[in-house]
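In structure tokens form, the structure reads like this:
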């Protein structure tokens, strides 16, 4: 399968990072709303925890862009050489690599101050990783190359 061209590949990286960042931001919004409602706070207090959402999007976007460039590019090249360049493979690679990177960071830095299990946090990174893989493949290869 051939990519649409250099420009498509160059645009695929930021598009995938933006999409993954959006998924992370959505997760932050969900957690902020859920924690506000489960802690007995009034629904009018929900907005107080949402200030972090755009910050999370920017941070996640940068982290995913660097990850795509440093880890994703070599994996993409290896997978293309082995003819594993379908959208399914891209989604699977994105999910696995993202969760694996999260687990490695947790191992190196220690447990983050989150209210739930740290390994569940690492596993949850598979979702934005899968979205990044899907988006990268969609932009680089086109709609017909599913």
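Residue numbers (the numbering used here): 455 to 600. For every residue, glycine included, the Cβ atom is placed at its ideal position computed from N, Cα and C.
At what residues does the alpha helix (DSSP H) containing residue i begin and finish?
| i | result |
| --- | --- |
| residue 540 | No alpha helix (DSSP H) holds residue 540; DSSP gives it neither H nor E. |
| residue 592 | 580 to 595 |
| residue 491 | 460 to 492 |
At the level of alpha carbons, what is the spacing between residue i and residue j?
| i | j | result |
| --- | --- | --- |
| residue 464 | residue 525 | 16 angstroms |
| residue 534 | residue 581 | 23 angstroms |
| residue 572 | residue 545 | 23 angstroms |
| residue 589 | residue 529 | 16 angstroms |
| residue 474 | residue 553 | 13 angstroms |
| residue 467 | residue 521 | 10 angstroms |
| residue 502 | residue 591 | 37 angstroms |
| residue 585 | residue 482 | 16 angstroms |
Assign residue i to one of two classes, buried (16 or more other C-beta atoms within 10 Å of its C-beta) or exposed (fewer than that).
| i | result |
| --- | --- |
| residue 593 | buried |
| residue 542 | exposed |
| residue 488 | exposed |
Complete runs of the alpha helix (DSSP H) confined to the segment 506 to 541 [at least 4 residues]: 506 to 521, 527 to 535
Does the segment 501 to 515 come into contact with the segment 474 to 486, if we say contact requires no fewer than three beta-carbon pairs (one atom in each stretch) closer than 8 angstroms? yes
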